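All residue numbers for the sequence shown refer to full-length UniProt numbering, where the first residue is 1 and numbers rise by one.
Even for Gly, the Cβ is constructed at its ideal location relative to N, Cα and C.
Source: prediction; values computed, not measured.
Below is one structure, written out as structure tokens; the observations come after it.
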Amino acid sequence: MHSPLQFMIKFSYFFIFFTLLSINLTQQTTLISPVSKDKHKNLFTLSVYLKTPLRPTKLLLDLSFLFPWTVCADAASYNSSSDHYIECDETFCDYLGFGKPSLLCEDCYYSNLTTSHSQCPSPSTMICASWPANPITNVVDAGYVLVDTLALPTLNQSTHHGQLVSLSNYTFSCAPSYFVKGLPTGVTGLAALGRSKLSVQAQFGSALSTSHSLAICFPGSTESTGVAFFGTHGPYFVFSKSNKIDLSENLTYTPLIHNPIGITDDFPISPPHNEYYIGLTSIRVNGQHVPINASLLTINQEYGIGGTKITTRIPYTLLEPSIYKAFTELFIKEASSSSFNLTVTNPVKPFKVCYSAKGLMVTNKGPKVPIIDFVLEKENVVWRIMGANSMVRVKNKKVDLWCLGFMDGGVKEKTSIVMGGKQLEENLVQFDVESNRLGFFSLLTSHHSLSCADFKVSDFAKHIK
1 MHSPLQFMIK FSYFFIFFTL LSINLTQQTT LISPVSKDKH KNLFTLSVYL
51 KTPLRPTKLL LDLSFLFPWT VCADAASYNS SSDHYIECDE TFCDYLGFGK
101 PSLLCEDCYY SNLTTSHSQC PSPSTMICAS WPANPITNVV DAGYVLVDTL
151 ALPTLNQSTH HGQLVSLSNY TFSCAPSYFV KGLPTGVTGL AALGRSKLSV
201 QAQFGSALST SHSLAICFPG STESTGVAFF GTHGPYFVFS KSNKIDLSEN
251 LTYTPLIHNP IGITDDFPIS PPHNEYYIGL TSIRVNGQHV PINASLLTIN
301 QEYGIGGTKI TTRIPYTLLE PSIYKAFTEL FIKEASSSSF NLTVTNPVKP
351 FKVCYSAKGL MVTNKGPKVP IIDFVLEKEN VVWRIMGANS MVRVKNKKVD
401 LWCLGFMDGG VKEKTSIVMG GKQLEENLVQ FDVESNRLGF FSLLTSHHSL
451 SCADFKVSDF AKHIK
């Protein structure tokens, strides 16, 4: 066991030391990363540079998991000259938070993951263990903690892609190669962007002494590129024709709600305290309130169930069964009113409410359907969901439909409302853990026909297949 002084030295080494590549940084340094949408999985990906020499790498964008991981179980999938293990100190390994009390360290030599890419210091060396998981397939396996170099571009307002800033002690979990099953093609790991001290934004923020704030503009098309901003509360400039607009000046803010539940048997992969919850108080459809049992919208402090959270793991928002029933009934009623005059038609899976696309007017706000308002802590604090975010086009040789992109969450889902990826598209969302608030600018396309592509960020990992 190491002394407290040795522990502090290790802490400083892994979370304060960093390397800068040919750039003078200030506290205003903004780092960016391209965000893309996969057309087959409807999941978002984040592009970074990883390893030595630096290589473009595509990671799953995840707002919930405790720590980042990368497939590196064999030399063919992971080849870097700068990666290394963390030798075991149970206190320090526990502090890192990659493992669990029963698996803080493991024998490097006998690890089922260690191979020639990063040799064991000696046959009996104990190293910090980890417990990575694929949140899409829910596969969990033993791994180990690895340290390597990760780099992101700085934001250059004239070229939109500046010099690289390199974090030489990026700390993540090594995962087995089969972990990429179920993920978008070309993805080789997970970018953890939740509320933990091991998130990508927290690691860069601690190293560069900048804000841990994260803002993401989620693209609405697989052909366009969005952006993630690290280390800044703004400005966030979009470029529309000859205009430059700072969207940070137009964000609506709502408090982030803390869920007290950590890692338990019920939450082995993503503990609720690491996720982003907001205080939704009601839902309106075309101005009419959906009848909801108010207790479902608050978080049970003993069990962590209920409430509303935001996730990128599912394509469509999940609603607790009684909320889903009342919500869809009201939507169908309002859509059939004289303002819209829509009649439901036979749905296609997985949707339950669909309308013929024939004759349905479509604008820059999407199909003309009843507006959905997620009302937050006050009646005038509203996350507005228009047709572009509420409806999904289903078009093939047999049908041409617009379907309501909300799903029945079923009885097993522990959170009453889980906002999914479709409802985030073309939205700019700021996750400000330090101020404990969430800022949002809903549906850019409804404002001067803007889009996330107007940030003019190119995806340097787009070629990865």
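- [ ] Along the alpha helix (DSSP H) that carries Thr328, what are the first and last residues, could you check?
- [x] In the sequence shown, the residue the question calls residue 328 occupies position 328. Taken as a continuous stretch (DSSP letters only), the alpha helix (DSSP H) holding Thr328 covers Pro321 to Ala335.
Please go through the same chain and pick out, in chain order, the residues whose beta-carbon is closer than 7 Å to the beta-carbon of Val238, but skip the five residues on each side of it.
Start at 1 with the first residue of the sequence shown, and residue 238 comes out as number 238. Ile245, Leu247, Leu450, Asp454 and Phe455.
Note to self: Determine whether the beta carbon atoms of Phe441 and Gly226 lie at a separation below 9 Å.
What the structure shows: For this step, residue 441 is matched to residue 441 along the sequence shown. For this step, residue 226 is matched to residue 226 along the sequence shown. Result no, Cβ atoms of Phe441 and Gly226 do not sit closer than 9 Å.
ask   = Where are the beta strand (DSSP E) runs, 3 residues long or more, that stay fully inside the region 224-304, in chain order?
value = 226-230, 237-240, 243-246, 252-257, 276-278 and 282-285
Less than 9 Å between the beta carbons of Ala388 and Gly220, yes or no? Residue 388 sits at position 388 when you count from the first residue of the sequence shown. Residue 220 sits at position 220 when you count from the first residue of the sequence shown. Cβ atoms of Ala388 and Gly220: closer than 9 Å.
### Query
Going by the beta-carbon positions, is the gap between Thr29 and Gly231 smaller than 9 Å?
Within the sequence shown, residue 29 is the residue found at index 29, counting from 1. Within the sequence shown, residue 231 is the residue found at index 231, counting from 1. In this structure, Gly231 lies closer than 9 Å to Thr29 by Cβ.
* the region 290-304 touching the region 391-410, judged by at least three CB pairs closer than 8 Å -> Flag = no, the region 290-304 and the region 391-410 do not touch.
Tell me, to the nearest whole angstrom, how far the beta carbon of Arg437 is from that of Tyr253; I am working on the premise that it is less than 8 Å.
Counting from one through the sequence shown, the residue named residue 437 turns up at place 437. Counting from one through the sequence shown, the residue named residue 253 turns up at place 253. Confirmed, Cβ separation roughly 5 Å.
For this session: Could you tell me which residues DSSP pairs with Pro153 in its beta bridges?
Result: On the sequence shown, residue 153 is found 153 positions in, with the first residue counted as 1. According to DSSP, Pro153 bridges with Leu164.
Host alpha helix (DSSP H) of Asp400 (start-end)
For the purposes of this step, residue 400 is taken as residue 400 along the sequence shown, with counting starting at 1. No alpha helix (DSSP H) contains Asp400, which is instead part of the beta strand (DSSP E) from Asp400 to Leu404.
- Query: For the putative contact between Ser33 and Leu46, defined by C-beta atoms under 8 Å, what is the C-beta separation to the nearest angstrom?
  - Reply: Along the sequence shown, one-based indexing puts residue 33 at 33. Along the sequence shown, one-based indexing puts residue 46 at 46. Yes, they are in contact, since the Cβ atoms of Ser33 and Leu46 sit about 5 Å apart, within 8 Å.
> If we count the other Cβ atoms within 10 Å of its Cβ and call it buried at 16 or more, is Glu426 buried or exposed?
Replying inline: The sequence position of residue 426 within the sequence shown is 426, counting from 1. By the neighbour-count rule (16 or more Cβ atoms within 10 Å), Glu426 is buried.
Residue of Glu320, Ile257, Glu275 and Tyr303 minimising C-alpha distance to Ile283:
Counting from 1 along the sequence shown, the entry for residue 283 is found at position 283. Per the Cα distances, Glu320.
Quiz item: Since Cys217 sits in a beta bridge, which residues does DSSP pair it with?
Solution: Taking the sequence shown and counting its residues from 1, the one referred to as residue 217 is at position 217. Val227 and Leu428.
Notebook entry, point to check: Three-state secondary structure (DSSP) at Leu96?
Noted result: Within the sequence shown, the letter at position 96 stands for residue 96. Note: Leu96 maps to helix in three-state DSSP.
Review point. When burial is assigned at 16 or more other CB atoms within 10 Å of the CB, is Glu434 buried or exposed?
Key: Here residue 434 refers to the residue found at position 434 when the sequence shown is read from its first residue. Under this definition Glu434 is an exposed residue.
### Message
Are the CB atoms of Gly194 and Leu59 within a distance shorter than 9 Å?
### Response
Numbered from 1 along the sequence shown, position 59 holds the residue referred to as residue 59. Numbered from 1 along the sequence shown, position 194 holds the residue referred to as residue 194. Their beta carbons are not under 9 Å apart, which means Leu59 does not touch Gly194 by this criterion.
task = Give the secondary structure of Ala207 by DSSP, where H, G and I count as helix, E and B as strand, and everything else as coil.
result = For the purposes of this step, residue 207 is taken as the residue at position 207 of the sequence shown. Reduced to three states, the DSSP call for Ala207 is helix.
- Can you list, in chain order, the residues of its chain whose CB lies under 6 Å from that of Arg55, leaving out five sequence neighbours each side? For this step, residue 55 is matched to residue 55 along the sequence shown. If we look at Arg55 and ignore the five residues flanking it on each side, it has no Cβ neighbours.
Would you tell me roughly how many angstroms separate the C-alpha atoms of Val381 and Phe204, rounded to the nearest one?
Locating residue 381 in the sequence shown gives position 381, counting from the first residue. Locating residue 204 in the sequence shown gives position 204, counting from the first residue. Approximately 32 Å between the Cα atoms of the pair.
Asn134 (DSSP reduced to helix, strand or coil): Translated into positions along the sequence shown, residue 134 becomes position 134. The answer is strand: DSSP assigns Asn134 an E or B state.
- Message: At 3 residues or longer, what runs of the beta strand (DSSP E) sit wholly inside the region 411-459?
- Response: Qualifying beta strand (DSSP E) stretches, in chain order: 417-419, 428-432 and 437-441.
Sequence-distant residues of the same chain with beta carbon closer than 6 Å to Tyr134, five excluded per side
Reading the sequence shown from its first residue, position 134 is the one you call residue 134. Just to set this straight, residue 134 is Asn in the shown sequence, not Tyr. Excluding sequence neighbours, Asn134 sits near Phe179.
Of the choices Ala175, Lys378 and Tyr277, whose alpha-carbon is the least far from that of Gly143? As a working note, residue 143 is residue 143 in the sequence shown. The shortest C-alpha separation from Gly143 is found at Ala175.
Could you check if Asn138 is buried or exposed, using at least 16 other CB atoms within 10 Å of its CB as the buried criterion? By one-based count along the sequence shown, residue 138 stands at place 138. Classified as exposed, Asn138 has fewer than 16 neighbouring CB atoms from the shown chains inside 10 Å of its CB.
Check your understanding: What are the start and end residues of the alpha helix (DSSP H) that includes Ser390?
Key -> Here the question's residue 390 lines up with position 390 in the sequence shown. Gly387 to Ser390 is the extent of the alpha helix (DSSP H) around Ser390.
Please name the residue, chosen from Pro68, Ser81, Met126 and Trp69, that lies closest to Asp89 on a Cα-to-Cα basis.
Stepping through the sequence shown from its first residue, residue 89 is reached at position 89. When each option's Cα is compared against that of Asp89, the closest is Met126.
Distance between Asp107 and Tyr316 (C-alpha atoms, nearest Å): In the sequence shown, counting from the first residue as 1, residue 316 sits at position 316. In the sequence shown, counting from the first residue as 1, residue 107 sits at position 107. The straight-line gap from Cα to Cα measures roughly 42 Å.
Check whether the Cβ of Lys462 lies closer than 9 Å to any Cβ atom in chain B.
As a matter of chain content, chain B is missing from the structure shown, which is built from one protein chain.
Leu113 to Val71 span [Cα, whole Å]: Start at 1 with the first residue of the sequence shown, and residue 113 comes out as number 113. Start at 1 with the first residue of the sequence shown, and residue 71 comes out as number 71. Reliability of the predicted coordinates at Leu113 is poor, the pLDDT of 49 falling under 50, and the value obtained from them is presented with this limitation in mind. Rounded to the nearest angstrom, the two C-alpha atoms are 10 Å apart.
Going by DSSP, name the residue or residues bridged to Ile127.
-> As a position in the sequence shown, residue 127 is number 127, starting the count at 1. DSSP, once it has assigned bridges, lists Glu87 and Glu106 as partnering Ile127.
Worksheet entry | Between the CA atoms of Asn274 and Ser199 - distance to the nearest angstrom | Your numbering for residue 199 matches position 199 in the sequence shown. Your numbering for residue 274 matches position 274 in the sequence shown. Between Ser199 and Asn274, the C-alpha separation is close to 10 Å.
* Asked: Using the beta-carbon count (16 or more within 10 Å), is Lys309 buried or exposed?
  -> One-based indexing of the sequence shown puts residue 309 at position 309. Residue burial annotation: Lys309 is buried, with at least 16 other C-beta atoms found within 10 angstroms of its C-beta.
Tell me the residue span of the beta strand (DSSP E) that contains Val187.
In the sequence shown, counting from the first residue as 1, residue 187 sits at position 187. Val187 -> beta strand (DSSP E) spans Val187 to Ala192.
- Query: Taking just the CA atoms, how far does Thr57 sit from Ile464?
  - Reply: Taking the sequence shown and counting its residues from 1, the one referred to as residue 464 is at position 464. Taking the sequence shown and counting its residues from 1, the one referred to as residue 57 is at position 57. For Ile464 and Thr57, the distance between alpha carbons rounds to 8 Å.
Nearest to Ser416 by CA position, among Lys325, Phe67 and Leu104, is which residue? Counting from 1 along the sequence shown, the entry for residue 416 is found at position 416. When each option's Cα is compared against that of Ser416, the closest is Lys325.
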